[in-house]
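Numbered per mature numbering (1 follows the signal peptide of the UniProt record, and there is no 0), the sequence shown spans residues -22 to -1, 1 to 92.
Read through the structure below, which is laid out as structure tokens, and then see the notes.
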Amino acid sequence: MKTPLIYTIVLSATLAAPSAFSDESAAYLFQSCQEVISIFAQFNEQDPLAPFTTSREEAMRAGYCQGVVDEYRRHHYRCSTNNWFEQAQKIAEVTPNSPEANDLELLLELSCAR
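If you want it as structure tokens, here you go:
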């Protein structure tokens, strides 16, 4: 009797979680994509070792950005680009207070738009 109740509680908590994290996830994706653009800008402009001298945290955020946009593109065939970096640039260019900056799905849709 207790087992079905526990499964029900865990399942309902899991289903409610994505909506609770959407604002945070959008903000984290936004920051992560800004981070990856910054790293590559340093690499292209002045420091050829920039990708190799980033902190572990910067590398994790950059990897998060790439992973999220790659997965989104893999499951959404209408994406106008096959390049994760182009998607990251579009996300990083979003105005921080715009509606897109606070909605993960909108950010990802914007990254695939032409």
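Every residue, glycine too, gets a C-beta built ideally from N, C-alpha and C.
For clarity, every value in this text was computed on a predicted model and none was experimentally measured.
{"query": "Quick test of the definition: if touching needs 3 or more C-beta pairs under 8 Å, does the segment 4 to 21 touch the segment 72 to 80?", "result": "yes"}
{"query": "What residue does the alpha helix (DSSP H) around Ser48 start on, and which one ends it?", "result": "Note that residue 48 is Asp in the sequence shown, not Ser. Asp48 -> alpha helix (DSSP H) spans 34 to 53."}
{"query": "Where do the ends of the alpha helix (DSSP H) carrying Phe63 lie?", "result": "62 to 70"}
{"query": "With H, G and I counted as helix, E and B as strand and the rest as coil, what does DSSP make of Pro77?", "result": "helix"}
{"query": "Suppose the cutoff is 7 Å on Cβ atoms and the five residues either side in sequence are ignored; what does the same chain contact list for Gln12 look like?", "result": "Ala70"}
{"query": "Report buried or exposed for Ser89, applying the criterion of at least 16 other Cβ atoms within 10 angstroms of its Cβ.", "result": "buried"}
{"query": "Could you have a look at Ser(-1) and say whether DSSP puts it in helix, strand or coil?", "result": "Confidence is the limiting factor: at Ser(-1) the pLDDT is only 47, short of 50, which leaves the residue's position unreliable and the question unanswerable from this model."}
{"query": "Of all the options Glu49, Thr32, Arg34, which has the alpha carbon lying nearest to the alpha carbon of Gln65?", "result": "Glu49"}
{"query": "Taking the C-alpha atoms as reference points, what is the distance between Arg52 and Ala37?", "result": "22 Å"}
{"query": "Quick one: Cα of Gln44 to Cα of Asn61, how far?", "result": "10 Å"}
{"query": "So what does DSSP say about Ser89, is it helix, strand or coil?", "result": "helix"}
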